[in-house]
Amino acid sequence: MPRGAHPDRPLLNPRGDGSRALRLGGPSFRGSWLRQDLGLLIGAAGTSVVGALLVWSATHESAGTAYLVRHLLNTAIGIVLAIGVTRLGHHGLRLVAPWIYGVSILGLLAVLTPLGLTVNGSRSWIPVAAGFTVQPSEFAKVGLALVLGLVFADRWERRVAPGTRDVAVGWLLAAIPAGLIMLQPDLGSAVVLGALAFVVIAVAGAPRRWVLGMAVAAVGLVVAALTTPLLSDYQRDRLLAFANPSADPQGIGYQTRQVRLAIGSGGWWGQGFMEGRQTQAGFIPYQLNDFIFSVAGEELGFVGAAGLLLLLSFIVVRIFVVAGRSRDAFGRFVGGGVGTWLAFQVFQNVGMNLGVVPVTGLPLPFVSYGGSSMFASWLAIGIVNAAYAAGHRDRV
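Under the UniProt record's numbering, the sequence shown has 225 at position 225, and the numbering climbs by one with no breaks.
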């Protein structure tokens, strides 16, 4: 019988001594690490740690280390989720994409039932246990990115350009969760889904007239939200107060003024970690969520806030680089959708802290306190890392 390698009986290592190559320090072990986008993973982990410190500073006077511990726990769970998604791989992600999308739709429906919890005029959360809540709109972003990537990758791989029917299906898939989110109402998350769908459909090669038509429709939706009873009075005040904080001096106008004062007082180098006057006095409501960037601006100054933006920018740019280099359409489309989602949220959150865009309540990815946002952000990292791993295996 031949002693060489056989397709049904692979040679374990060239020496033929029966030891496995997959051991600590062996070539297969090193190769498994090379198939991870370590820069993306380290960037996301570092940003999450910075977020934990900012959350701690904003809450230690009133809650000690409680929020710090929760934020770090959320980060650890998020990393585990990202690893699990990466291990699932592209083939597994394509299989589960419809299920993730479907579960997210069920979650959005459940929010509108008595199971949902209303906070600040928006019915967006489902209480779980021990004070923890789930926000289905965050996971809807993951589900939509995956299902759109699946739909258009199938056409692309068969070398068939997306037609009217395909584009209509794509926008329908986006309109269902966006419509349910608007019923909460949550204009910010709905616009994120619209931007995500717009980029994926455009990159997939949809006819230009459809792309431009849907862009006009999206603008019309935003205008309707501001001029009709589609949003609650509280939500509309949040959107309009950025232009004129004095219009609501006791509500969102007060909050936006305090945020601007905190960031403006930081100067170049900041007032010092845990030394910010506005932050430590608790003058900014919900600072650990929507306005966490103001902690960086006040206590770390322009230099520290710019450093945080560089970290977030690195994550977004790296995601687009991985998507652009992906050798399969699924990785390219999903990566483009994920990058758009995170980029839009960073722009919106930082913009509303600086007072240049309306307040929509979107969290700052990896930085703001909140389990659902953290889990969804790390799931996004896992999805992109799976695309990177798939491309590396193809090259190897």
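C-beta atoms are modelled at their ideal positions from N, C-alpha and C, and glycine is treated no differently.
Name the one or two DSSP bridge partners that residue i has.
i, result
"V134", "I126"
"residue 408", "Past the boundaries of the shown model lies residue 408; the chain is included only from 1 to 396, so the question cannot be answered."
Can the beta-carbon of residue i be found less than 8 angstroms from the beta-carbon of residue j?
i, j, result
"T65", "W56", "yes"
"R277", "S265", "yes"
"S50", "L311", "For the record, residue 50 in the displayed sequence is Val; it is not Ser. Taking 8 angstroms as the Cβ cut-off, V50 and L311 qualify as a contacting pair."
"V200", "G336", "yes"
"L288", "V350", "no"
"S122", "D186", "yes"
"A52", "L72", "yes"
"L112", "W125", "no"
"A197", "L261", "no"
"A202", "V216", "no"
"G149", "V334", "yes"
Can you look up residue i in the DSSP assignment and give me helix, strand or coil?
i, result
"G39", "helix"
"D186", "coil"
"V167", "helix"
"V160", "coil"
"A206", "coil"
"S368", "coil"
"T65", "coil"
"G355", "coil"
"T360", "coil"
"H342", "Sequence check: residue 342 is Leu here, not His. Here L342 sits in helix by DSSP."
"L212", "helix"
"T256", "helix"
"L112", "coil"
Taking 8 angstroms as the limit between beta carbons, can you name the residues of its chain near residue i, skipping five residues before and five after?
i, result
"A376", "E138, F139, K141, V142"
"V147", "A97, P98, I100, Y101, L173"
"E61", "Q280, G282"
"Q36", "T86, N385, Y388, A389"
"G267", "G301, F302"
Which residues in the same chain as residue i place their Cβ atom closer than 7 angstroms to its Cβ, once the five residues preceding and following it in sequence are excluded?
i, result
"A82", "W378, L379, I381, G382, N385"
"G39", "R318"
"H91", "none"
"E157", "A329"
Here's a check: name, in chain order, each residue in its chain whose Cβ is nearer than 6 angstroms to the Cβ of residue i, leaving out the five neighbours to either side.
i, result
"F320", "G339"
"L362", "G188, Q345, Q348, N349"
"A190", "A178, I181, M182"
"F314", "G43"
The ligand HEM and residue i: does the residue's C-beta get closer than 7 angstroms to at least one heavy atom of that ligand?
i, result
"W378", "Although the ligand HEM was asked about, the structure shown includes no ligands whatsoever."
* To do: Report the residue ranges of all alpha helix (DSSP H) runs contained in full by the segment 258-327; include only those spanning at least 4 residues, in chain order.
  => Segments of the alpha helix (DSSP H) lying fully in the segment 258-327: 277-280, 301-325.
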